[in-house]
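S.K.: Pasting in a structure now, in structure tokens, and then I'll have a few things to ask.
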Amino acid sequence: MLIFHHVIKQFDSIIAVNDLTLKIRKGEIFGLLGPNGAGKTTAVNLAVGILKPDKGYVEMESIGSPESRAVRAKIGVATQALALYDDLTGQENLDFFGRMQGIGKLQLKERVNWTLDFAGLFDRRKDRVKTYSGGMKRRLNLAIALLHSPSLLLLDEPTVGVDPQSRNAIFESIMHLNKEGHTILYTTHYIEEAQRLCDHVGILDHGKLLALDTVKNLIDKYGGESTILAEYEDREEKIQTRQPVKDLEKLMKRGSIRHFHMESPSLEGVFLKLTGKQLRDDA
């Protein structure tokens, strides 16, 4: 549905996106995972046509580049930097952005009510946005992206700065939208989000795509072995294993185990292996 073909974007001496090639398939949630400064927001801005590639191209299949009106009409974007007017109410924000998008008066009223209800903000629609919590602002930001019924959603770090309850509400909204047929590009530096939500994940670091596959395939290919940590009366032992049952039996023969814990390969381990660093250290 959305294609990046050998895309390069440079700002002075900094290469923000470095030869990025990927394809987001219709109907999937595609995760772009990486630390702050990896190039995720630049990729979103290229996808929506705010930025132009220095080399390569971005296109929506069978329609054209993001610069065309036909493509922009099919894309909804919720930016990491909140695009809201604090002194307006939630409803007034939606009315304003809907008019900016050229939505007709009757349709706009229907869409505003639908998006407010979808975002769980209908009861707070007449309150000024400056009274909203961080999670409510994020949900309003998502509602604005949905006003014109886009088929492709670009969500740039949509859960930054929100509480766990709001994060789960946003997750539920995203999964519902995907089930209804929306294709979603989801950028994040939270590994658990990519692992929970995404069909395919691209790992981005310093503008370079290091790996792209399903979460399962990434873990199978780069995640390494499981780890068993055994705690004895006088010591701890930690071993890598591909045969957990057999290796646990071996550990039990070495003494009385008070407690043991097994860690399976994870997407965090994949990121560590590919980049040599913990993702959260940069987030």
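Using the numbering used here, the letters of the sequence shown correspond one by one to residues 28 to 310. We put the CB at the ideal spot given by N, CA and C, even for glycine.
1. Going by C-alpha to C-alpha distance, which of Q37, K53, G54 and R52 sits closest to D46?
2. Where does V272 land, buried or exposed, given buried means 16+ other C-beta within 10 angstroms?
3. With a Cβ-Cβ cutoff of 8 Å, do I284 and E263 count as a contact?
4. By Cβ distance below 7 Å, which residues in the same chain neighbour K300 in space, the five residues on each side in sequence not counted?
5. In chain order, what residues of the same chain have a beta carbon less than 7 Å from the beta carbon of A310, not counting five sequence neighbours either side?
6. On the three-pair Cβ rule with 8 Å, is the stretch 74–86 touching the stretch 158–168?
7. Would you grab the beta carbon distance between G91 and A100 for me? Rounded to a whole angstrom, and I think it's under 8 Å.
8. How would you write the range of the beta strand (DSSP E) that I56 sits in, first residue to last?
9. Can you give me the start and stop residues for the beta strand (DSSP E) that F287 sits inside?
10. Restricting to runs no shorter than 4 residues, where is the alpha helix (DSSP H) found entirely within the stretch 110–167?
11. Only counting the same chain, and skipping five residues up and downstream in sequence, which positions put a Cβ closer than 6 Å to that of D308?
12. Please classify H175 as buried or exposed, where buried requires at least 16 neighbouring CB atoms within 10 angstroms.
13. Quick one: does D113 have its CB under 8 Å from some CB of chain B?
14. Out of G162, H203, S178 and Q128, which has the shortest C-alpha to C-alpha gap to E184?
M.R.: Checking against the coordinates, here is how it stands:
1. Residue numbering aside, residue 46 sits at position 19 when the sequence shown is read from its first letter. Closest by alpha carbon: Q37.
2. Reading the sequence shown from its first residue, position 245 is the one you call residue 272. Exposed is the call here.
3. Indexing the sequence shown from 1 puts residue 284 at position 257. Indexing the sequence shown from 1 puts residue 263 at position 236. No.
4. The sequence position of residue 300 within the sequence shown is 273, counting from 1. For K300, where only same-chain residues beyond five positions count, the Cβ hits under 7 Å are Y249 and G251.
5. As a first step, residue 310 is located in the sequence shown; it is residue number 283 there, counting from the start. The predicted position of A310 is uncertain, since its pLDDT is 41 and thus under 50; a value taken from the coordinates is nonetheless stated next. Result list for A310: P62, N63 and H216, in chain order.
6. no
7. Position 64 of the sequence shown, counted from the first residue, corresponds to residue 91. Position 73 of the sequence shown, counted from the first residue, corresponds to residue 100. Their Cβ separation, rounded to whole angstroms, is 11 Å, which puts G91 and A100 out of contact at 8 Å.
8. For the purposes of this step, residue 56 is taken as the residue at position 29 of the sequence shown. Start and end: I56 to L60.
9. Taking the first residue of the sequence shown as 1, we reach residue 287 at position 260. Residues I284 to E290.
10. DSSP runs (the alpha helix (DSSP H)) wholly in the stretch 110–167: 117–127 and 132–145.
11. Against the sequence shown, residue 308 aligns to sequence position 281. Low confidence applies here, because D308 scores a pLDDT of 43, under 50, leaving its location unreliable; read the following figure in that light. Excluding sequence neighbours, D308 sits near nothing in its chain.
12. Position 148 of the sequence shown, counted from the start, is the residue given in the question as residue 175. Per the 10 Å Cβ criterion, buried.
13. The displayed structure is made up of one protein chain only, and chain B is not part of it.
14. Taking the first residue of the sequence shown as position 1, residue 184 is located at position 157. For the residues G162, H203, S178 and Q128, the minimum Cα distance to E184 belongs to G162.
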